[in-house]
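See below for the structure under consideration.
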Ligand code: B12
């Protein structure tokens, strides 16, 4: 029997299971065909850490191995919940079935994967968007959005072959939601409420990162800079702690803030380019001009020590093979340093999903294929096999290992050496990897809630 809520149910929230201990997302390997490769181990559930920081009564289990998960189930839980992406839905359904077999009466689902239409078939409660307050209510109190506290979040990057520690990012989410409505993106439907994460809790996390030796902070907001005053305080804070920082945003916001953010430590802008074809940009409602992208490349290219990565997609409805190749050539000519190349993928509840399904049909329902590297709908001009070939050749062309590791990093090293002298050797070649080797990112560090 599920206990009445007021008596504090035992709640366990998990990520999808890992297949083997060093299971990783081959994020760089998927986008650069060459060595050295960099692995992005599946170790930390960012959403789960946010929930635990704000609702300490829950227990979290991050990316367990299957046997660890079963062992945990045996401890007896009133509720077991899962945090997952679309490409993990089938695996999580299997985990939910195992939980039921162990007598769990209530299954929860959250994270972007929970938007999938099949999820209510195996979950009793589906949470969309930030859920700190919803989960706190189960324990009889509230966590308003303005009081959500930021937890400690690390993300390791390791060189392969082997597992050589290279970087340990400190992660930051400074706001949730996005005012734009790009047709491919789930954020407008996932995070209907937009809000900022409170600054005191961010400051506390930054002080912690500094203390443990983190050199680089990665901001994974959908769109850093959309709240100008908030971004002003935050960029100032990052400068005060002397972090080098990486952030996602759109071309217009980078252009507007470039000089200031650069002076305050921004070195790795991650830019939503999407395509250099204006018709295609308009077709996904990106509200971005190709001229802005060109201008941004020029301006960022003049900043010493800046490494620019763009998010690029192929497979637009109105582009055939030849037009796609022209687009790829235009992206190369824009002159950015690295490119994440994806295939335009409809995700549930997005305008793109409805439109492509209605006009052409979404034929591939295999969840694992929703990793933005597969064509899952009937493209009018390009077959799935052609698209795969196009993806591989685009990646090989845009991210030539010699350019990425050779030209790009050699320029970075030269620029850094020029600006910091021998301090560069300490900070980049020694301090970063030493901190990466010493920090135990899996250790759950939480601040007391005040
Ligand atoms: C960080 C990130 C990643 C990281 C994930 C690392 C990790 N260990 O989690 C990396 C870089 C590895 C990654 C990879 C991918 N990503 Co990604 N990623 C993001 C990003 C930028 C932020 C997500 C995040 O961490 N948010 C912050 C946390 C705090 O929020 P949250 O997870 O949503 O959790 C909150 C709520 O959702 C809720 N909640 C979450 N889980 C649960 C569970 C329960 C039970 C409850 C009650 C509540 C709850 O409460 C939490 C606290 O408020 C988003 C875009 C964005 N800005 O949102 C894209 C995004 C989620 N990614 C996306 C995609 C497509 C991918 C990839 C498939 C693409 C690729 N090949 O690169 C892969 C798939 C990875 C995988 N399955 O392993 C898409 C959609 C994914 C989808 N629908 O499945 C997004 C939305 C980007 C976009 N706009 O298109 N990603």
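Residue numbers (my numbering): 5 to 454. We put the beta carbon where it would ideally sit given N, CA and C, even for glycine.
If we ignore side chains and look at the alpha-carbon of each, how far apart do residue i and residue j end up?
i, j, result
"residue 111", "residue 241", "40 angstroms"
"residue 409", "residue 41", "11 angstroms"
"residue 201", "residue 324", "43 angstroms"
"residue 402", "residue 309", "20 angstroms"
"residue 391", "residue 23", "28 angstroms"
"residue 21", "residue 442", "25 angstroms"
"residue 71", "residue 167", "23 angstroms"
"residue 5", "residue 243", "Because residue 5 carries a pLDDT of 38, less than 50, the predicted location of this residue cannot be relied on, and no value is offered for it."
"residue 222", "residue 178", "11 angstroms"
"residue 239", "residue 108", "45 angstroms"
"residue 233", "residue 389", "47 angstroms"
"residue 9", "residue 101", "Its pLDDT being 47, under 50, residue 9 is placed unreliably by the model, and the measurement read from it follows with that caveat. Whole-angstrom Cα-Cα distance: 23 angstroms."
"residue 163", "residue 152", "34 angstroms"
Check whether the Cβ atoms of residue i and residue j sit closer than 7 angstroms, and answer yes or no.
i, j, result
"residue 248", "residue 269", "yes"
"residue 437", "residue 169", "yes"
"residue 173", "residue 207", "no"
"residue 316", "residue 277", "yes"
"residue 304", "residue 318", "no"
"residue 420", "residue 428", "yes"
"residue 140", "residue 127", "no"
"residue 31", "residue 19", "no"
"residue 210", "residue 237", "no"
"residue 57", "residue 367", "no"
"residue 456", "residue 364", "The structure shown does not extend to residue 456, since the chain spans only 5 to 454, so no value can be given for it."
"residue 171", "residue 440", "yes"
"residue 356", "residue 199", "no"
"residue 154", "residue 205", "yes"
"residue 64", "residue 17", "yes"
"residue 135", "residue 180", "no"
"residue 250", "residue 272", "yes"
Skipping 5 residues on each side, what residues in its chain have a beta carbon closer than 7 angstroms to that of residue i?
i, result
"residue 106", "77 and 78"
"residue 349", "374, 376 and 380"
"residue 290", "186 and 278"
Given residue i, which residues of its chain have a CB within under 6 angstroms of its CB, disregarding the five upstream and five downstream residues?
i, result
"residue 212", "156"
"residue 246", "none"
"residue 87", "19, 49, 51, 52, 114 and 115"
"residue 226", "182 and 191"
"residue 274", "252 and 313"
"residue 216", "443"
Within the present structure, is the beta-carbon of residue i separated from the nearest heavy atom of ligand 1 by less than 6 angstroms?
i, result
"residue 117", "yes"
"residue 190", "yes"
"residue 91", "yes"
"residue 85", "yes"
"residue 29", "yes"
"residue 112", "yes"
"residue 24", "no"
"residue 177", "yes"
"residue 17", "yes"
"residue 42", "no"
"residue 140", "no"
"residue 135", "yes"
"residue 376", "yes"
"residue 226", "yes"
"residue 50", "yes"
Leaving out five residues before and five after residue i in sequence, what residues of the same chain have Cβ atoms less than 8 angstroms from its Cβ?
i, result
"residue 90", "116, 117, 119, 120, 351, 352, 371 and 374"
"residue 266", "307 and 310"
"residue 434", "none"
"residue 400", "37"
"residue 130", "112, 113, 114, 118, 123 and 124"
Please name the residue in the options whose C-alpha comes closest to that of residue i.
i, options, result
"residue 69", "55, 80, 274 and 47", "47"
"residue 49", "279, 60, 67 and 442", "67"
"residue 137", "181, 83, 55 and 73", "55"
"residue 143", "82, 86 and 92", "82"
"residue 282", "272, 275 and 295", "295"
"residue 184", "204, 124, 233 and 253", "253"
"residue 14", "62, 378 and 366", "62"
"residue 257", "292, 271 and 284", "292"
"residue 263", "87, 96, 300 and 284", "300"
"residue 284", "94, 27 and 332", "332"
"residue 287", "272, 359, 271 and 228", "359"
"residue 386", "326, 362, 453 and 411", "326"
"residue 396", "344, 384, 180 and 432", "344"
"residue 261", "235, 272, 85 and 250", "235"
"residue 297", "417, 33 and 336", "336"
"residue 334", "398, 418 and 16", "398"
"residue 28", "12, 418, 229 and 165", "165"
"residue 280", "271, 259, 145 and 255", "255"
Answer yes or no: does any C-beta atom of chain B fall closer than 7 angstroms to that of residue i?
i, result
"residue 218", "Chain labels in this structure do not include chain B; a single protein chain is all it has."
Report whether the distance from the Cβ of residue i to the nearest heavy atom of ligand 3 is below 6 angstroms.
i, result
"residue 55", "The model on display carries ligand 1 but not ligand 3."
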